[in-house]
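Take the sequence shown: its letter number 136 is residue 135 in numbering that gives the first Met the number 0, and every next letter is one higher.
Each residue gets a CB set at the ideal place from its N, CA and C atoms; glycine is no exception.
First the structure, in the form of structure tokens, and then the observations on it.
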Amino acid sequence: MKMHVLSGGRLRMKKSVYFPDADRSETIELPVSCMLMRHVQGNVLFDTGCHPTIAENPEGRWGGLAKYMTPIMAPGENILTGLKAVGLDPDDIDVVICSHLHTDHCGCNEFFKKSTIVVHARELEAAKAPDALASGYFSADWDHSMPMKVIEQQTDLFGDGKITLIPLPGHTPGTIGALVKLDRSGEFLLTSDALSIRANLDKDIVPKNTKNAEQFLRSFDEIRRIEAGGATIICSHDSAQWDSLRKGKDAYG
Numbered sequence: 000m001k002m003h004v005l006s007g008g009r010l011r012m013k014k015s016v017y018f019p020d021a022d023r024s025e026t027i028e029l030p031v032s033c034m035l036m037r038h039v040q041g042n043v044l045f046d047t048g049c050h051p052t053i054a055e056n057p058e059g060r061w062g063g064l065a066k067y068m069t070p071i072m073a074p075g076e077n078i079l080t081g082l083k084a085v086g087l088d089p090d091d092i093d094v095v096i097c098s099h100l101h102t103d104h105c106g107c108n109e110f111f112k113k114s115t116i117v118v119h120a121r122e123l124e125a126a127k128a129p130d131a132l133a134s135g136y137f138s139a140d141w142d143h144s145m146p147m148k149v150i151e152q153q154t155d156l157f158g159d160g161k162i163t164l165i166p167l168p169g170h171t172p173g174t175i176g177a178l179v180k181l182d183r184s185g186e187f188l189l190t191s192d193a194l195s196i197r198a199n200l201d202k203d204i205v206p207k208n209t210k211n212a213e214q215f216l217r218s219f220d221e222i223r224r225i226e227a228g229g230a231t232i233i234c235s236h237d238s239a240q241w242d243s244l245r246k247g248k249d250a251y252g
């Protein structure tokens, strides 16, 4: 199995969202990471990133949210372009794992019409709640006709230990990560927004965009446990780590 690191876009936000002591005028750039796993039983995509239109017209899709989470990627920097660069298109993806249903993580779901969408039950519940829009959920991102596999607990995706989905709630009620086991490169834990930026874990900082701080810190404990077992932790929005990763065709195997 190979794992490709692909861009789902790039954002700018106030640094104080992730580091409460930061000056409110200071901003931080956040890459949006997506991962493609080429498993013998099918191509698996972990998150689909931002919708292509937000590079040029973010308000058209996100409304007021674009003031707080500002897209700064060039037009064409999205998961569709990333897949094309490794010789695939959306119809080649068999499974899309939704770490959670915030717009910068599932914005391109609509293009994966032949995929099965995997999501946690509590996340789907949150996305359907009356306050969903205020909580960062847009039905245009996730409410489509593709079949959904709804999970409620740790799940071995193919039954061979290669891709294991692990609940990491706190940022949202149903955030899930994926423990990916590669033959040569070892284990990787894709944390999504359970750990957006590495320094939050190192300093035990709970970001402001956290739904449940107690659950979030318990997920930190789980991330630390998995890291102690030898896994490489992949954060969802860490610019320094992003710069250090192989990208596109230069896959981990």
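| query | result |
| --- | --- |
| Just curious, the alpha helix (DSSP H) that H104 is in, first and last residue? | 102-105 |
| Exposed or buried, what is A177 when buried is set at 16 or more other beta-carbons lying within 10 Å of its beta-carbon? | buried |
| Do the CB positions of I78 and T52 come within less than 7 Å of each other? | no |
| If you reduce the DSSP assignment to three classes, tell me which class F215 lands in. | helix |
| By the three-class DSSP mapping on this structure, what secondary structure does R23 have? | coil |
| So, is V4 buried or exposed, given that buried needs 16 or more other C-beta atoms within 10 angstroms? | buried |
| So, for Y136: in the same chain, excluding its five sequence neighbours on each side, which residues have a beta-carbon less than 6 Å away from its beta-carbon? | L100, A126 |
| Check whether the stretch 170-185 and the stretch 96-115 are in contact - that is, three or more C-beta pairs closer than 8 Å. | yes |
| Under the three-state reduction of DSSP, which class applies to V16: helix, strand or coil? | helix |
| From the DSSP output, in three-state form, read off K66 for me. | helix |
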